[in-house]
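Enquirer: The structure's right below; bear with me while I get my questions together.
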Amino acid sequence: MSSIVTLSGAVAGALLLLTAGILHVRAPREFRAALAGHRILPFRWQRTTARLLPAVEIIVGAVALTTIVTGLPGATPALAALCFVYATFTAYSYLLLRRGNAAACGCFGGREPVTLATVLRNALLAVTAAGSLIPAVTTPTGPALALTLAVGLVVAVLGWMWPALFRP
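Residue 778 is where the sequence shown starts when you use the numbering used here, and the numbers rise one by one after that.
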């Protein structure tokens, strides 16, 4: 059962990362504007980051999801990358929140500012990806895999909506 819970969180993280990457590719100007509004990255890095980060989100999300679903070898590096991306997002969003920057988060192409809920969502997704790296966690098969994917999808939708639930 713990494999299902842990991997469901990793599935949610992979789905959210893949979705964010696709939405950033569809609206590159808005994503770059969000990065500029954060005033964290130097100006010369903003364009490169706005171009590369969506590709990283798509690749890491797709590879992590594929390795979880198929049970193919390579799950450890994919889940480690997923953990690293969300740990980085956690630190970045915490820095934005700490500075009191009310610029658009840029998460999923949205215009809402970073909130504590955003930071907590990123941290939870980093922790579940890290938990999936524990050797005792095995990829489920059959009905357990279907349950893992279904729970992961529900968690992904809730993760996407999480910050909006706590807006005043």
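Beta carbons are placed, not taken as given, at the ideal position from N, Cα and C, and that holds for glycine.
Going by DSSP in three states, A913 sits in which element: helix, strand or coil?
Expert: The residue labelled residue 913 in the question sits at position 136 within the sequence shown. Here A913 scores only 49 on pLDDT, less than 50, and its place in the model should not be relied on; the value that follows carries that caveat. Of the three classes helix, strand and coil, the one that applies to A913 here is coil, per DSSP.
Enquirer: Leaving out five residues before and five after G887 in sequence, what residues of the same chain have Cβ atoms less than 8 Å from its Cβ?
Expert: Counting from 1 along the sequence shown, the entry for residue 887 is found at position 110. Cβ neighbours of G887 beyond the five flanking positions: A881.
Enquirer: Mapping the DSSP letters down to three states, classify I835 as helix, strand or coil.
Expert: Residue numbering aside, residue 835 sits at position 58 when the sequence shown is read from its first letter. Correct three-state label for I835: helix.
Enquirer: Which word fits G848, buried or exposed, when buried means at least 16 other C-beta atoms lie within 10 angstroms of its C-beta?
Expert: Counted from its first residue, the sequence shown places residue 848 at position 71. G848 should be labelled exposed.
Enquirer: Specify the secondary structure class of P819 as computed by DSSP and reduced to three states.
Expert: In the sequence shown, the residue the question calls residue 819 occupies position 42. Of the three classes helix, strand and coil, the one that applies to P819 here is coil, per DSSP.
Enquirer: By the three-class DSSP mapping on this structure, what secondary structure does A855 have?
Expert: By 1-based counting over the sequence shown, the position of residue 855 is 78. In the three-state reduction of the DSSP assignment, A855 falls in the helix class.
Enquirer: Give a yes or no on whether the minimum CB-CB distance between T825 and chain D is below 7 Å.
Expert: In summary, chain D is missing from the structure at hand, where a single protein chain is found.
Enquirer: Three or more C-beta pairs under 8 Å: does that hold for the stretch 784-791 against the stretch 815-834?
Expert: Result no; under three Cβ-Cβ pairs closer than 8 Å.
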